[in-house]
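Numbering (the numbering used here), first residue to last: 132 to 562. For reference, the structure is listed below as structure tokens.
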Amino acid sequence: MLDVKWIRENPDAFVAGLEKRGFEPAPAGLLTQILALDAQRRETIQQLQDLQARRNAASKEIGKAKQAKDEAEAQRLMDEVAGIKDTIQKGEEDEREQDQALRDLLAGIPNMPADDVPVGPDESANVELRKVGEVPSFDFEPKQHFEIGEGLGLMDFETAAKLSGARFVVLKGALARLERALAQFMLDLHTDEHGYTEVNPPLLVRDDTMFGTAQLPKFEEDQFPAGEGYWLIPTAEVPLTNLVREDITDEANLPMRVTAGTACFRAEAGAAGRDTRGMIRQHQFTKVELVSVTTPEQSAEEHERMTACAETVLKRLGLPYRVVVLSTGDMGFSARKTYDIEVWLPGQDAYREISSCSVCGDFQARRMNARYRPAESKAARLVHTLNGSGVAVGRALIAVLENYQEADGGVRVPDVIQPYMGGLTKIEAPS
Numbered sequence: 132m133l134d135v136k137w138i139r140e141n142p143d144a145f146v147a148g149l150e151k152r153g154f155e156p157a158p159a160g161l162l163t164q165i166l167a168l169d170a171q172r173r174e175t176i177q178q179l180q181d182l183q184a185r186r187n188a189a190s191k192e193i194g195k196a197k198q199a200k201d202e203a204e205a206q207r208l209m210d211e212v213a214g215i216k217d218t219i220q221k222g223e224e225d226e227r228e229q230d231q232a233l234r235d236l237l238a239g240i241p242n243m244p245a246d247d248v249p250v251g252p253d254e255s256a257n258v259e260l261r262k263v264g265e266v267p268s269f270d271f272e273p274k275q276h277f278e279i280g281e282g283l284g285l286m287d288f289e290t291a292a293k294l295s296g297a298r299f300v301v302l303k304g305a306l307a308r309l310e311r312a313l314a315q316f317m318l319d320l321h322t323d324e325h326g327y328t329e330v331n332p333p334l335l336v337r338d339d340t341m342f343g344t345a346q347l348p349k350f351e352e353d354q355f356p357a358g359e360g361y362w363l364i365p366t367a368e369v370p371l372t373n374l375v376r377e378d379i380t381d382e383a384n385l386p387m388r389v390t391a392g393t394a395c396f397r398a399e400a401g402a403a404g405r406d407t408r409g410m411i412r413q414h415q416f417t418k419v420e421l422v423s424v425t426t427p428e429q430s431a432e433e434h435e436r437m438t439a440c441a442e443t444v445l446k447r448l449g450l451p452y453r454v455v456v457l458s459t460g461d462m463g464f465s466a467r468k469t470y471d472i473e474v475w476l477p478g479q480d481a482y483r484e485i486s487s488c489s490v491c492g493d494f495q496a497r498r499m500n501a502r503y504r505p506a507e508s509k510a511a512r513l514v515h516t517l518n519g520s521g522v523a524v525g526r527a528l529i530a531v532l533e534n535y536q537e538a539d540g541g542v543r544v545p546d547v548i549q550p551y552m553g554g555l556t557k558i559e560a561p562s
């Protein structure tokens, strides 16, 4: 959530930032609405402060009037205090309503893009930063992951559809173990080498937790409600980031780096008609998430570090990939800047997203009231939050299948994963 004081003091920057994002409705009209609500709220607050000051003064005057045995004046003052009390109660109700109206309006406004984010309407304006690894060549026509998985008899979409409907899969045997092995490898890498603390968070969270990371209210239709005020998490970003919600962390404990490998649930699984086959976009998927909480001064460097941690996963797996910086029209609601890591999929002859690493500034922290206490100051400040996939496990499985496929329908197991697979070096096609 944006700071209304910042909007008030930087109206041109606010409008320019939303225009870069292509935000609707018209940013100038939205600015007028915000400033009007803010002015009304501040006027109410000032009136309440004036009334409170007058009530305090009148209360003192009552004592003086009684000391002077001026009962008529004392009664007049008591009547005035009673009237002020009623006016204050009504004013406090007005302030709560005005504050909520302003908060509701701000809750639907995305974060401001960083100055170095490329401006553009969609993914066509994304900028490639680097390519890493050699795209493999095959002496046969490479298959897509679902053709490989079904050919192995270990990837079953028909049974999943009977159980749960479209956009689910049943993995069996070596593929089920491969998905588990990939997640374990990633968690071990991030905890043993990258300094993240592993967390096993709840998969069900409440409204205010979803609000804190901006899944609610704007993206309610993209989520799976679980009843009784609970939601299935769309990503472990939600519970991990909210670990510091309504808390004040000592600066000495920042940056805080946490990771989790969880099931994730997404009601909106992408554009209609796109990626309808296979595991690219599913309602349930597994992901290893990275979350960092930092001071404002640390967050830009932490963004680069987090991205490098995610890249290490693909380097160790021997998967070719590229890194792009997302344009203003393509990055997420909470992000100030996002790097996407896109892995090469031979079966699609294309790079596809496998990780997004975003720096959010204090946008989520303001929604969560998450602060830290600087070492040299008593005044608490809002933290900065970052999140990234380290990486999407299902998509890593897809990438391994497509990049390590062989002509006989089998799949070589990457060297780094073999210890997690009981020494298995190849997933064999049925004879």
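Even for Gly, the Cβ is constructed at its ideal location relative to N, Cα and C.
Query	Result
For Gly153, tell me which candidate among Ser458, Asn141, Ser520 and His515 has the shortest Cα-Cα distance.	Ser458
Check whether the segment 418-433 touches the segment 506-517, taking contact to mean three or more Cβ pairs, one atom from each stretch, closer than 8 Å.	yes
If you reduce the DSSP assignment to three classes, tell me which class Val375 lands in.	helix
Among Gly392, Glu368 and Ala256, whose alpha-carbon lies nearest the alpha-carbon of Val490?	Glu368
What residue does the alpha helix (DSSP H) around Thr290 start on, and which one ends it?	Phe288 to Ser295
Between the C-alpha atoms of Lys262 and Thr163, what's the straight-line distance to the nearest angstrom?	44 Å
According to DSSP, what are the bridge partners of Cys440?	Answer by DSSP bridge pairing: none, since Cys440 is not bridged.
Can you list, in chain order, the residues of its chain with a C-beta nearer than 8 Å to that of Ser465? Leave out the 5 residues immediately preceding and following it.	Pro241, Asn242, Thr344, Ala345, Ser489, Cys491, Phe494 and Gln495
Check Ala159 in the structure and name its three-state DSSP category.	helix
Let me confirm a value: Phe416 is counted as buried when at least 16 other C-beta atoms fall within 10 Å, else exposed. Which label applies?	buried
Would you be able to state if there are at least three C-beta pairs under 8 Å between the segment 276-287 and the segment 299-310?	yes
Expressed to the nearest angstrom, what Euclidean distance is found between the alpha-carbon atoms of Val389 and Phe271?	42 Å
Which parts of the segment 152-234 are runs of the alpha helix (DSSP H), unbroken and 4 residues or longer, counting only runs that do not cross its ends?	158-198
For the segment 247-254 against the segment 203-211, are there 3 or more C-beta pairs whose distance is under 8 Å?	no
Hey, would you say Gln275 sits closer than 8 Å to Gly478, going by beta carbons?	yes
Could you check where the beta strand (DSSP E) with Gly392 kicks off and where it finishes?	Met387 to Phe396
To the nearest angstrom, how far is it from the Cα of Gly358 to the Cα of Glu192?	56 Å
Helix or strand or just coil, what does DSSP make of Pro356?	strand
How many Å lie between Phe269 and Trp475 at the Cα?	14 Å
Name the one or two DSSP bridge partners that Gly519 has.	Leu421 and Cys488
Does DSSP put Phe271 in a helix, a strand or coil?	coil
Pick out whichever of Thr393, Glu155 and Arg298 has its Cα sitting closest to the Cα of Val419.	Thr393
Return the CA-CA distance between His321 and Cys440, expressed in angstroms with no decimal places.	7 Å
Taking the straight line between their C-alpha atoms, what separation do you get for Gly449 and Tyr535?	10 Å
Report back the beta-carbon spacing between Ile176 and Glu224 to the nearest angstrom; my notes put them in contact at under 8 Å.	Contact flag wrong, Cβ pair sits at about 13 Å.
Determine the extent of the alpha helix (DSSP H) in which Leu476 is found, giving its start and end residues.	Leu476 -> not in any alpha helix (DSSP H); beta strand (DSSP E) instead, spanning Lys468 to Leu476.
Look at Met132 and Arg453 and say whether their C-beta atoms are less than 8 Å apart.	no
Relative to the alpha-carbon of Glu435, which residue among Thr372, Ala481 and Thr469 has its alpha-carbon at the smallest distance?	Thr469
Does DSSP classify Val300 as helix, strand or coil?	coil
What residue range does the alpha helix (DSSP H) around Lys136 cover?	Val135 to Glu140
Could you give the DSSP three-state label for Thr344: helix, strand or coil?	coil
Which same chain residues, not among the five before or five after Gly460, have their C-beta less than 7 Å away from its C-beta?	Arg152, Gly153, Gly251, Pro252, Asp253 and Ala256
Please return the same chain residues whose Cβ sits closer than 8 Å to the Cβ of Asp353, not counting the five positions on each side in sequence.	Gln346, Pro365, Arg397, Ala398 and Glu399
Can you tell me which of the three DSSP states Asp246 falls into?	coil
Would you mind giving the Cβ-Cβ distance between Asp287 and Val300, rounded to the nearest angstrom? I have them listed as a contact below 8 Å.	7 Å
In three-state terms, what does DSSP make of Val266?	coil
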